[in-house]
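Colleague: Please read through the structure below; I'll follow up with questions.
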Amino acid sequence: MIFKENRIIFNEVGVQNTTVLKNALANLGVDIVGKNPEKSSKTENKSSFDIAISGKIPVVVDFYADWCKPCQIQAPIMAELADEMGDRIQVIKIDVDKELELSSRYGIQSIPTIMIFKENQIVFKALGVQSKETLIQAINNL
């Protein structure tokens, strides 16, 4: 179940299709990076982020800013990662200039910062541009 403002907005028992879950999260404003960039929109609020990271599916989070050159290098790497591993993970982008509370909560002082969450726990954190191979290895080690 996915809740928004104390209401059930998604209730699909036994979801095996990650597309259904990704669509529900996208409707909450969570940016799901991958083959359909036209459906991508930056994370709008911390509650949708909190919902996304609370699940059993690992969530790879890219803290970035539009003006950041290294972040612009990281962006296509994240899209490739989502395309290749989208059945096992979610990829979310957080604009640090728009989501100050989330940036502060996780002590983001350098961008890009890549974090992997699983069941509300940070299981990986790296500063600077990360290769797809490094991220795949981190995911496979979970």
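For our numbering, add 15 to where a residue sits in the sequence shown, where the first one is 1.
For every residue, glycine included, the Cβ atom is placed at its ideal position computed from N, Cα and C.
On the criterion of 16 or more Cβ atoms from any shown chain inside 10 Å, does residue 146 qualify as buried, or is it exposed?
Modeller: With fewer than 16 other Cβ atoms within 10 Å, it is exposed.
Colleague: Please name the residue, chosen from 106, 63, 102, 121, that lies closest to residue 90 on a Cα-to-Cα basis.
Modeller: For residue 90, the nearest C-alpha among the options comes from 106.
Colleague: Excluding sequence positions up to five away, which residues of its chain have a Cβ less than 8 Å from the Cβ of residue 79?
Modeller: The answer, listed in chain order, is 86, 89, 90, 108, 109, 110, 111, 126, 127.
Colleague: Count the other CB atoms, across all protein chains shown, that sit within 10 Å of the CB of residue 137; report buried if there are 16 or more and exposed otherwise.
Modeller: Exposed: under 16 other Cβ atoms inside 10 Å.
Colleague: Pull up the DSSP beta-bridge partners for residue 153, would you.
Modeller: DSSP lists no partner for residue 153.
Colleague: Measure the CB-CB distance between residue 104 and residue 75 and report whether it falls below 7 Å.
Modeller: Yes, they are a contact pair.
Colleague: Identify the continuous beta strand (DSSP E) that holds residue 87 and give its terminal residues.
Modeller: Per DSSP, residue 87 belongs to no beta strand (DSSP E); it is in the alpha helix (DSSP H), 84-100.
Colleague: With a threshold of 7 Å on Cβ separation, who are the neighbours of residue 68 within its own chain once the five nearest residues in sequence on each side are excluded?
Modeller: Cβ neighbours of residue 68 beyond the five flanking positions: 74, 132, 135.
Colleague: Between residue 70 and the rest of its own chain, which residues show a CB-CB distance below 6 Å, the 5 nearest in sequence each way excluded?
Modeller: No residues qualify anywhere along the chain.
Colleague: Spatial neighbours of residue 95 within its chain, please: CB distance less than 6 Å, with the 5 preceding and 5 following residues excluded, ordered by chain position.
Modeller: Closer than 6 Å at the Cβ level, and outside the excluded window around residue 95, lie 147.
Colleague: Here's the rule: buried if 16 or more other CB atoms are within 10 angstroms of the residue's CB, otherwise exposed. What is residue 117?
Modeller: With 16 or more other Cβ atoms within 10 Å, it is buried.
Colleague: Helix, strand or coil for residue 81? Go by DSSP, reduced to three states.
Modeller: The answer is coil: DSSP assigns residue 81 none of H, G, I, E or B.
Colleague: Flag this pair as yes or no: are the beta carbons of residue 77 and residue 129 separated by less than 7 Å?
Modeller: Yes, the Cβ-Cβ distance between residue 77 and residue 129 is below 7 Å.
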